[in-house]
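K.L.:
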Amino acid sequence: MNPHQSELDAPAAKPASGKVPIQFDRSWYDELQGRLDKGGPWDDWQLFQLAKQAEEASLVTSFEEMICLKHLQQVTPLPHQVDTARKVLFEMRGRAILADEVGLGKTIEAGLILKEYIVRGLVQKVLILVPASLVLQWVRELNQKFAIPAVAQKKAHSWQNPVVVASIDTAKRDPHRDILLGSEYDMVIVDEAHKLKNKKTTNYQFMLKLRKKYCLLLTATPVQNDLGELFNLITLLKPGQLGGQSDFTSNFVFEKRVPKNGEQLKEELAKIMIRNRRGDGELDFTKRHVKNIEVELSPEEMELYNGVTRFVKDQYQAAGGNLSSMLSLVTLQREVCSSRDAVFVTLVNLAKKLAPDSPLRDRIWELVALIKAIKANSKAEQAMKLIREMDDKVILFTEYRATQEYLLNYFKERNMIAVPYRGGMNRGKKDWMMDLFRGRAQVMIATEAGGEGINLQFCHQMINFDLPWNPMRVEQRIGRVHRLGQQNDVQIYNLSTKGTIEEHILRLLHEKINMFEMVIGQLDVILERFEKGSSLEKSLYKIMLESSSNDEIARKVDSLGQSLEHIRTELDEQADGPGENDGLQQLMGG
Amino acid sequence: MTMSQEQIRDYCKTYLEATACQFLEKSPYHVTVKLSPQADKELTNRPYYWGFVERMGIEPETMSFCFIFDPEKHRALEDASAAPSAGHTDPVLDRHFGAVRPLPVLGPGRIQREEITFGSPRLKQIFAAARQGGRQVYLFENPGHLQRRTLLSAAYEPWLGVQYKLEFCCDVKREELHFLGISLQNGMVDDAFANRLKGKDLIPRLPENVHITPTGLALPVARERLEKLITSRLEDADSAWADAAQERLEEELLLIDSYYRDLLQDPDEERQLAFREQYEARKAEIRWQYEPRIVVSALGSGIFHLRSSL
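Respectively, the protein sequence lines represent chains E and Z. Per my numbering, the first sequence starts with residue 925, numbered consecutively. Per my numbering, the second sequence starts with residue 258, numbered consecutively.
(1) So, do the stretch 291-309 of chain Z and the stretch 1008-1024 of chain E have three or more beta carbon pairs nearer to each other than 8 Å?
(2) Which runs of the alpha helix (DSSP H), 4 residues or longer, sit entirely within the stretch 1316-1383 of chain E?
(3) Give a yes or no on whether the minimum CB-CB distance between residue 1128 of chain E and chain Z is below 9 Å.
(4) Rounded to whole angstroms, what is the Cα-Cα separation between residue 287 of chain Z and residue 1356 of chain E?
(5) For residue 1410 of chain E, which residues in the same chain have their Cβ closer than 8 Å to its Cβ, ignoring the five residues on either side in sequence?
(6) I believe residue 1136 of chain E touches residue 1112 of chain E by the beta-carbon criterion, under 8 Å. Please report the beta-carbon distance rounded to the nearest angstrom.
(7) Which class does residue 1165 of chain E belong to by DSSP, given the choice of helix, strand or coil?
(8) Among E:1128, E:1140 and E:1102, whose alpha-carbon lies nearest the alpha-carbon of residue 1110 of chain E?
(9) Taking residue 268 of chain Z as the reference, which of Z:415, Z:494, Z:552 and Z:324 has the closest Cα?
(10) If you measure between the beta carbons of residue 1394 of chain E and residue 1418 of chain E, is that distance less than 9 Å?
(11) Excluding sequence positions up to five away, which residues of its chain have a Cβ less than 6 Å from the Cβ of residue 344 of chain Z?
(12) Tell me which residues of the stretch 1339-1352 of chain E have at least one Cβ-Cβ distance to chain Z shorter than 7 Å, keeping chain order.
(13) Going by beta-carbon coordinates alone, are residue 997 of chain E and residue 374 of chain Z separated by less than 9 Å?
(14) Between residue 522 of chain Z and chain E, is there a C-beta pair that is closer than 9 Å?
(15) Is residue 1485 of chain E helix, strand or coil when you go by DSSP?
(16) Compute the distance between the beta-carbons of residue 520 of chain Z and residue 1168 of chain E, then report whether it is under 9 Å.
(17) For residue 315 of chain Z, count neighbouring Cβ atoms within 10 angstroms of its own Cβ and tell me buried if that reaches 16, exposed if not.
(18) Identify, in the order they occur along the chain, each residue of the same chain with its Cβ nearer than 7 Å to the Cβ of residue 1257 of chain E, setting aside the five sequence neighbours on each side.
(19) Could you give the C-beta distance for residue 1321 of chain E and residue 1386 of chain E, rounded to a whole number, given that I count them as a contact under 8 Å?
(20) Tell me the DSSP bridge mates of residue 470 of chain Z?
(21) Identify every run of the alpha helix (DSSP H) within the stretch 1233-1319 of chain E, keeping only runs that are complete inside it and at least 4 residues long; order them along the chain.
(22) What did DSSP end up calling residue 545 of chain Z once you bin it into helix, strand or coil?
(23) Check whether the Cβ atoms of residue 1143 of chain E and residue 1116 of chain E sit closer than 9 Å, and answer yes or no.
(24) Could you compute how far the alpha carbon of residue 398 of chain Z sits from the alpha carbon of residue 455 of chain Z?
(25) Count the other CB atoms, across all protein chains shown, that sit within 10 Å of the CB of residue 408 of chain Z; report buried if there are 16 or more and exposed otherwise.
(26) By the 7 Å beta-carbon criterion, what residues does the stretch 1230-1242 of chain E contribute toward chain Z?
(27) Quick one: using the 10 Å Cβ neighbour count with 16 as the cut-off for buried, is residue 276 of chain Z buried or exposed?
(28) Using 8 Å for Cβ pairs, my map puts residue 1260 of chain E next to residue 1269 of chain E. What's the rounded Cβ distance?
(29) In three-state terms, what does DSSP make of residue 984 of chain E?
(30) Please state whether the Cβ-Cβ distance between residue 387 of chain Z and residue 1038 of chain E is less than 9 Å.
(31) Since residue 952 of chain E is in the alpha helix (DSSP H), which residue starts that stretch and which ends it?
(32) Could you check which residue in Z:327, Z:280 and Z:461 has the C-alpha nearest to that of residue 262 of chain Z?
(33) With a threshold of 9 Å between beta-carbons, can residue 529 of chain Z be considered close to chain E, or not?
(34) Excluding five sequence neighbours on each side, which residues of the same chain lie with their C-beta closer than 8 Å to the C-beta of residue 1075 of chain E?
(35) Given residue 1130 of chain E, which residues of its chain have a CB within under 6 Å of its CB, disregarding the five upstream and five downstream residues?
(36) Measure how close the beta-carbons of residue 1165 of chain E and residue 1196 of chain E come, nearest whole angstrom, since I'm counting them as under 8 Å.
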C-alpha cells in the first residue's frame, strides 16, 4: 500500500466544517486524449516508473518538518540556525525579522527558510534586496551552499529569473520599479533592513507597495535610535502586530529610546522577531588573548620617522591647519610605522605631482636619502622571529600594498612559505590563495580584512603588523579568525614601534576601548555614538598634527580614550541597569 | 522523504540504461558513461549545439560524465588503483600551479566528474527528465511465451491508470500520491493500482494470441468517476489543518483591521485613498498566504491492458 494514503483512507476524524475548495488540473486528460487520437507517441514505461519514484522521494509528507536539511550537502547549519528557521516557518508563518547579532549567520537562516519553501513548492518567485556591495556574495552563497539558482540583477530582463538578487536602490528606480510593483513575489528578503526604518523614505514606500507572500527582514540593529523604527519595520511585515501607531505609542513608548511595559512588548516582539545573541548557550565564542610587542627602531629608522613627522607637520602648518587636503600626507606618517617601502612609494607619487621647480622636491629627496640609509626592517625581523616561535598557521595583516610585497619577499628569502591576499584579487584567485594557505603555506599576508570570503576558522594566530586607525577595521581583521566555528582561543599579536604615534594608537585601542578582548558587536554602537561629532580617525589625525610634543599627544589621546570609556560605561549601565525603565539593550537581549 | 546513496545509484543507473547511455566503467560507488543523444539533450543544457547538429546533419559528439555516488569509498578505490602510477603529474608544474589545478581538462576526451547527492542539481535534472519523459504510457501485459501456443486467445481488459498528486496548501503544505486505476470495461475502481501492476511485465506492443475486450466506459466518464471518488474521500477526510489555517487567516484579518480602522477614517481624502489601497493589498496578501485549498493534478497517466481476471 502507498504509505501516504493515511489521510484518505482514515475514517473521517471530524466532519469538515467548511468545504475546502478542490482544484482539478486536467491538462493530463487532454494530452492523453490527444495521444490516443493520434495513436501515440507513447512514453517509456521505465521512465514512467522513475518519474513515480522521483515523486515519492521528493514528496512533502508532513506540514511541519524541515525537509530541506536532507537536500543540503554544502552547508551544515548550526543548531540555533535550524531552530530559528523552524520557528519562522511554522510559528511565524514566513513573515519575520531576523535580528541576530553580527556574525551568527542570518544569511544561513534566511537561506534555510527559502530553501524549505522552495522544496515544498510553496515559493517559486523570489526577490532578494541587499546593499549593492553584497549582491554577489548573496548570489554565491545561495548557489553554492543551498543550490538555489539565484542570479544577480543586471539588465531589465534579469527580473524574469525566478530568484533575483538586486540592490534596493536599483529596484526602487524606474524602469525597474514598475516591473517589480507589477509582479507578485512568493518571497521577499531584505538584508540590512534597518535601512527601512524611516517611513518617509522611498525605500520604505517601495517595500510597502511590493506584493509578497512571505517576507524576511534581516538586520543586526533593529533599533538604532528610536522605538518608532521598530514599529515601522513590523508594519512592513504585519501591520497591527503592535496595534495602531497611537496604540503603540501609548502602550509601549516611554521615551524615544525607553520602552514601557517591557515584558509585554517583548512578548509581542517574540511573535515576529528572532534575535540570537552571542553568549546565549552554545553560542559562546572562544577567548581572545592579546600580546603587544614593542619594536625598537634602529637609529636610521628613527631618523626617517622623525624626518617624515617634521615634513608632515610643516606642510600642515603651511596649509593653515586644513585637514582635508592633508590626507595623503597623514598616510605618510602612518606608513612610516609600517615599512620604508610603503613610505617610498607614497613619496615618489607625491614628487610626481609637484611642479619641477617646487622647493618641496628637495625635501622629498632628503627623505628618500634617509630611506636609502635604512638597511633592515626591525619590525619584519620581529615578525619573523615570532612566526618561527609559534610554528603554526598565522595570518598577518598590513594596511599597505608595498609592505605586503616587501614581506612576501622577505619571508621567501628566509624559506618561509607565505601567500598574499588583497582586495583587488578576483574571486578565483582569492579562493586559490585560501586553499594554499589551508594547505601548504604557513603565513598569509593580507591587506584586506573587510568584505567577506576570508573565513579562516582553521587558523587562530594573527599578527597586526601595523594598526589601522579605525577600530572597525581592526575588528574586521579579528573577525576573519575569531568567528563561529573557531575551536581555539585566538592569539592576537600587535607590533608597535616604540617612540612613535603607533604606541599611542595601540594604547587607545587596547587599554581604553579594550577592543581586542571586547564582546564583538558592541564596538559599532560605541563608535556610532562617539562619531556624532567627527570620526575617531580624523580626531587622531588632528591630535597628531597639532601636538608639539610626545607628551601632548599622550595627553590628548588619553582624553579621547576617556570619552570613549565614558560612552562604554554608559552603555553598560543601560544594558544591566536595574530600574523601572528597562533599557533598549535589555529589550533586544534577554 | 529522501533517498539513500544506494537508491540514488540505482536510480541513476536505471535512468542511464533507459536512455541507452554507454557505460564505460562501473563500480558500486561510481559510474562513467558516455551519454546517449537523448540523455545529452536532457542533461547538458546545450540547445544551440543540438540545434546546430540537427540542422547540419552531422554526427553528434555527446558528453561523458563520471557520476560519483560515494565520494569517500570512490576516492579510496581510486587511490588504491592509482598508487603504482603515481607521479603522473609534473612536479615542476605542480609547484607552479599550487595545490589546485587552475583549469580543468577541456576537449572531447574530457570526462566531467560529479558527485551526486540528494538535492544536488544534477539529480534534480534527472528527476525532471524522468518526469518529462515518463508522463503517458500505452502498455500491454506480457502473457509469456506459453500463451502463443495455447488455442484460446486471452482476453485483455483495458484500464485507465492515473498517478494523482494531492497538494494540501495553506501557508504550509503537505502532499499525497495516489495511483488510481479504473477498468474501462466495467468501471471497477482500484485505489491501489500500483499493486495490481506489481510483478507484471509490461510491454508497449500487443502480444500475439490476445484480444482486447470492448470498452464499456468512455474515457471522460472514467475520469469523472475517479475525480468523484477523490472528492468524496477528501470531503470525509480530516480537515483540521484547513480549519486551523482558516483560523489563522481570520486572526490576521482582525489584526490588520485594528491597524487600519483609524487610518481609513483619515479626513484627508487622498491619504485615505492610499490607506484603503494598502489595506486591500494587505488583505489580498493574507488570503494568498493562508487560504486553504487542495490542488489535484496528475503526474502520469496511461492505458494499461491487463489480462482479464475473469
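Idealized CB from N, CA, C, for every residue including glycine.
P.N.:
In terms of the structure at hand:
(1) Not touching, per the Cβ criterion.
(2) Assignment of alpha helix (DSSP H) within the stretch 1316-1383 of chain E, counting only whole runs of 4 or more residues, yields 1325-1337 and 1351-1363 in chain order.
(3) No, residue 1128 of chain E lies away from the interface with chain Z (no Cβ there is under 9 Å from its Cβ).
(4) When the Cα atoms are used, residue 287 of chain Z and residue 1356 of chain E turn out to be separated by approximately 28 Å.
(5) Excluding its 5 nearest sequence neighbours in each direction, residue 1410 of chain E has C-beta neighbours in its own chain below 8 Å: 1209, 1210, 1381 and 1384, listed in chain order.
(6) Contact flag correct, Cβ pair sits at about 4 Å.
(7) Strand.
(8) Minimum Cα-Cα distance from residue 1110 of chain E among the listed residues E:1128, E:1140 and E:1102 corresponds to E:1140.
(9) The residue from Z:415, Z:494, Z:552 and Z:324 with its alpha-carbon nearest to that of residue 268 of chain Z is Z:324.
(10) Taking C-beta atoms as the reference points, residue 1394 of chain E and residue 1418 of chain E fail to come closer than 9 Å.
(11) Since pLDDT at residue 344 of chain Z reaches only 45, below the 50 mark, its modelled position is unreliable, and no value is offered.
(12) Close to chain Z, meaning a Cβ-Cβ distance shorter than 7 Å, is no residue of the stretch 1339-1352 of chain E at all.
(13) Yes; because the gap between Cβ atoms is below 9 Å, this pair is in contact.
(14) It does not; no Cβ of chain E falls within 9 Å.
(15) Note: residue 1485 of chain E maps to helix in three-state DSSP.
(16) Yes; because the gap between Cβ atoms is below 9 Å, this pair is in contact.
(17) Burial call: exposed.
(18) Take residue 1257 of chain E, set aside five residues on each side of it, and the residues of its chain with a beta-carbon closer than 7 Å to its own are 1232, 1233, 1236, 1425 and 1468, in chain order.
(19) Yes, residue 1321 of chain E and residue 1386 of chain E are in contact; Cβ-Cβ is about 7 Å, under 8 Å.
(20) Answer by DSSP bridge pairing: none, since residue 470 of chain Z is not bridged.
(21) Within the stretch 1233-1319 of chain E, the complete alpha helix (DSSP H) runs of at least 4 residues are 1251-1259, 1264-1277, 1284-1297 and 1302-1314.
(22) If DSSP states are grouped into helix, strand and coil, residue 545 of chain Z belongs with the helices.
(23) Taking the C-beta atoms as reference points, residue 1116 of chain E is found nearer than 9 Å to residue 1143 of chain E.
(24) Taking the straight line from one Cα to the other gives about 11 Å.
(25) Label assigned to residue 408 of chain Z: exposed.
(26) Cβ contacts with chain Z come from no residue of the stretch 1230-1242 of chain E.
(27) Buried is the label assigned to residue 276 of chain Z, since at least 16 other Cβ atoms lie within 10 Å of its Cβ.
(28) Cβ-Cβ separation between residue 1260 of chain E and residue 1269 of chain E: approximately 12 Å, too far for a contact (criterion under 8 Å).
(29) In the three-state reduction of the DSSP assignment, residue 984 of chain E falls in the coil class.
(30) It is not a contact, given that the beta carbons lie outside the stated cut-off.
(31) Element bounds for residue 952 of chain E: 951-962.
(32) Ranking the options by Cα distance to residue 262 of chain Z, first place goes to Z:327.
(33) Not closer than 9 Å to any Cβ of chain E, the Cβ of residue 529 of chain Z fails to qualify, so no.
(34) Hits under 8 Å: 1063, 1082, 1085, 1087, 1088 and 1089.
(35) If we look at residue 1130 of chain E and ignore the five residues flanking it on each side, its Cβ neighbours are 1096.
(36) About 5 Å separates the two Cβ atoms, so the contact holds.
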